[in-house]
Amino acid sequence: MVDSLGEAHDLGWTLWVACAHGNRDGLKSIRECRQRYRIDMSTLLWTRGRACPLARLEALMRCPRCGSRTVRVSFVPPSGRRHAG
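This is the structure in structure tokens:
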């Protein structure tokens, strides 16, 4: 099982983060933010460290477009390889 950012990087995983704020702000209807970004793993390693737990990344992210902390983090292993986990 892959638990840390360093392990995911070593295995060649790709990280995607998408805003999940939705179309409501309290009782108010707002335009849904649909931003999605591929995050550079090397930069993330420099800022968070190799030991950063993958489970903690969602809490550390914020959408640069709308500022929401409600995000979805997706790790995509390289195609063609099988990872134990």
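Take the sequence shown: its position 85, counted from the start at 1, is 85 in the working numbering, and no numbers get skipped.
For each residue, glycine too, the CB sits at the ideal point set by N, CA and C.
Spatial neighbours of residue i in its chain, beta-carbon cut-off 8 angstroms, leaving aside the 5 residues before and after
| i | result |
| --- | --- |
| M41 | L5, A8, H9, W13, T14, L15 |
Residues near residue i by beta carbon distance below 6 angstroms, same chain, minus five either side
| i | result |
| --- | --- |
| C52 | L5 |
| L57 | V73 |
| R69 | R62 |
| P78 | G12 |
Reduced DSSP category for residue i - H, G, I as helix; E, B as strand; rest coil
| i | result |
| --- | --- |
| R38 | strand |
| A70 | In the sequence as displayed, the identity of residue 70 is Thr instead of Ala. Coil. |
Anticipated Cβ contact below 8 angstroms, residue i with residue j, distance rounded
| i | j | result |
| --- | --- | --- |
| M61 | V76 | The pair is not a contact, with the Cβ atoms about 16 angstroms apart (cut-off 8 angstroms). |
Nearest neighbour of residue i, chosen from the options [CA to CA]
| i | options | result |
| --- | --- | --- |
| C66 | L44, A20, L11, D3 | A20 |
| Q35 | P78, V71, S79 | V71 |
| A18 | S29, I39, L11 | I39 |
Close Cβ partners of residue i (< 7 angstroms) along its chain, the five nearest in sequence each way excluded
| i | result |
| --- | --- |
| D3 | P53, L54 |
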